[in-house]
Ligand SMILES: *Cc1c(COP(=O)(O)O)cnc(C)c1O
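Numbering (the working numbering), first residue to last: 34 to 428.
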């Protein structure tokens, strides 16, 4: 095996060369603490503020509405718990969906133990929520709607602008976990009426361990971490200066090149899906056919165990995922695939391929050829498949 072919960009991405170059000085010569008043401290502070402006201009908000955090999960915790604790006297009801990332779902479980009431909206077979169901679940006590922008497993993009309109009309705060969407989809928090938004640098060619949250000016949101006065007193702790610089550069590159990037990776994705459908029978493509992240492909292969498929691909240097990296290790079928109505037996044979900027058509051909081979090999070992074929032949 010579080369790694990476098709798991929804799990994480490599740091872009240009991003790394901008980060490097902040590990060495510019090591000052941004709270210090001498020059290297001021330089670090300036670099953070430049990153904040880059984030703000990418999603159309004010720089002072951006707060840096340690990761996407922290931003999600901050949004949900922060809004819940700060608005407790107004109500204790939160609306979210069944297909959120564990960073949202497990935060909701904690809030439930603390007395908050959570409604988990259903999704249809494409992974979309219903605006009607959302409206019908709003009560006098609803303080927050938290619905992900784009799903990390099936890529489905929710009707964010419509959700924002409903939230605004009913005077309810709207948070969106946009960790998969930032850098892949145009985002305008004003036009979309978004009050809080989470992002994470390592999902868009920035470094791991740094995220950000947009909190609209005037929104009541409690801080979760006590200490110094960093991040306008909202998030104590000396800033990850190099990481923040990296996040700022990565988001700038992503939005400057968005159209070309999307065109090229959705081309690869469509080519991949065409090849699979042409060459492998008994497959089902999951997620919405058009309202989907450009680099996402989630396909169920009947009569296949996804883990075995991954191991076979790994032997060929191919990195892919069965569902989400966050739930691998557990053998339960993905909560997202169950929510779109897949039976256990089909959900367990699912492969998530997420394309990124270093992938080429030659990589895709390599992937397809190895998939055809591995699927055939595994099916020939499946008694269920062999029985199925026998019955077909009898007909
Ligand atoms: C990756 C991811 C997260 C978590 O981000 P981290 O930076 O890894 O904590 C949250 N939500 C979604 C949708 C994600 O894809």
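Think of the CB as a built atom: it goes at the ideal place given N, C-alpha and C, for glycine as much as any other residue. From a predicted model like this one, the values you see are computed outputs, not experimental measurements.
Closest residue to residue i among the options (Cα-Cα distance)
| i | options | result |
| --- | --- | --- |
| residue 235 | 53, 36, 332 and 420 | 53 |
| residue 238 | 340, 215, 181 and 115 | 215 |
| residue 378 | 353, 415 and 95 | 415 |
| residue 258 | 63, 48 and 103 | 103 |
| residue 390 | 242, 291 and 274 | 291 |
| residue 45 | 380, 352 and 427 | 352 |
| residue 420 | 381, 336, 407 and 175 | 336 |
| residue 146 | 331, 284 and 125 | 125 |
| residue 130 | 399, 294, 189 and 288 | 189 |
| residue 91 | 294, 399 and 282 | 282 |
| residue 83 | 284, 132 and 150 | 284 |
| residue 249 | 223, 262, 263 and 272 | 223 |
| residue 67 | 307, 256, 262 and 132 | 262 |
| residue 115 | 35, 253 and 133 | 253 |
| residue 376 | 242, 158, 109 and 403 | 158 |
| residue 123 | 226, 172 and 62 | 172 |
| residue 396 | 382, 302, 425 and 315 | 302 |
| residue 327 | 307, 300, 315 and 347 | 300 |
| residue 265 | 35, 155, 367 and 85 | 85 |
| residue 164 | 74, 142 and 191 | 191 |
| residue 287 | 48, 35 and 38 | 48 |
| residue 210 | 195, 105, 293 and 155 | 105 |
| residue 316 | 398, 347, 74 and 404 | 404 |
| residue 367 | 111, 394 and 185 | 185 |
| residue 40 | 394, 398 and 388 | 388 |
Span separating the alpha-carbon of residue i from that of residue j
| i | j | result |
| --- | --- | --- |
| residue 50 | residue 313 | 37 Å |
| residue 58 | residue 240 | 15 Å |
| residue 325 | residue 213 | 11 Å |
| residue 148 | residue 427 | 59 Å |
| residue 339 | residue 369 | 15 Å |
| residue 107 | residue 113 | 10 Å |
| residue 380 | residue 153 | 21 Å |
| residue 295 | residue 183 | 15 Å |
| residue 413 | residue 349 | 19 Å |
| residue 256 | residue 407 | 49 Å |
| residue 170 | residue 128 | 8 Å |
| residue 384 | residue 355 | 5 Å |
| residue 93 | residue 371 | 35 Å |
| residue 358 | residue 134 | Since pLDDT at residue 358 reaches only 43, below the 50 mark, its modelled position is unreliable, and the value read off the structure follows with that caveat. When rounded, the distance between both Cα atoms is 11 Å. |
| residue 424 | residue 307 | 28 Å |
| residue 151 | residue 225 | 23 Å |
| residue 79 | residue 72 | 10 Å |
| residue 160 | residue 87 | 32 Å |
| residue 193 | residue 409 | 40 Å |
The alpha helix (DSSP H) enclosing residue i, as first and last residue numbers
| i | result |
| --- | --- |
| residue 210 | Per DSSP, residue 210 belongs to no alpha helix (DSSP H); it is in the beta strand (DSSP E), 206 to 210. |
| residue 116 | 105 to 119 |
| residue 130 | From DSSP, residue 130 is part of no alpha helix (DSSP H) but of the beta strand (DSSP E) over 126 to 130. |
| residue 154 | Run containing residue 154: none in the alpha helix (DSSP H); it sits in the beta strand (DSSP E), 150 to 154. |
| residue 137 | 135 to 146 |
| residue 340 | 339 to 347 |
C-beta contact flag for residue i and residue j at 8 Å
| i | j | result |
| --- | --- | --- |
| residue 309 | residue 401 | yes |
| residue 251 | residue 233 | no |
| residue 207 | residue 221 | no |
| residue 43 | residue 392 | no |
| residue 230 | residue 205 | no |
| residue 386 | residue 305 | yes |
| residue 199 | residue 168 | yes |
| residue 144 | residue 119 | no |
| residue 298 | residue 319 | no |
| residue 98 | residue 247 | yes |
| residue 440 | residue 411 | Examination of residue 440 is not possible in this model, given that the chain is present from 34 through 428 alone. |
| residue 334 | residue 342 | yes |
| residue 56 | residue 279 | yes |
| residue 373 | residue 187 | yes |
| residue 267 | residue 100 | yes |
| residue 174 | residue 140 | no |
| residue 260 | residue 269 | yes |
| residue 202 | residue 81 | no |
| residue 77 | residue 274 | yes |
| residue 156 | residue 180 | no |
Residue interval of the beta strand (DSSP E) (run including residue i)
| i | result |
| --- | --- |
| residue 99 | 99 to 102 |
| residue 333 | 329 to 334 |
(message) If we require 3 or more residues per run, which beta strand (DSSP E) segments fall completely within the region 364 to 419?
(response) 383 to 387
(request) List in chain order: all unbroken alpha helix (DSSP H) runs of 4+ residues lying wholly within the region 159 to 241. (result) 164 to 170 and 193 to 202
(message) Give the list of continuous alpha helix (DSSP H) stretches no shorter than 4 residues that lie fully inside the region 249 to 326.
(response) 263 to 266, 274 to 289 and 291 to 312
(message) To test your reading of the DSSP string, which unbroken alpha helix (DSSP H) runs of 4 or more residues are found completely within the region 38 to 74?
(response) 50 to 56
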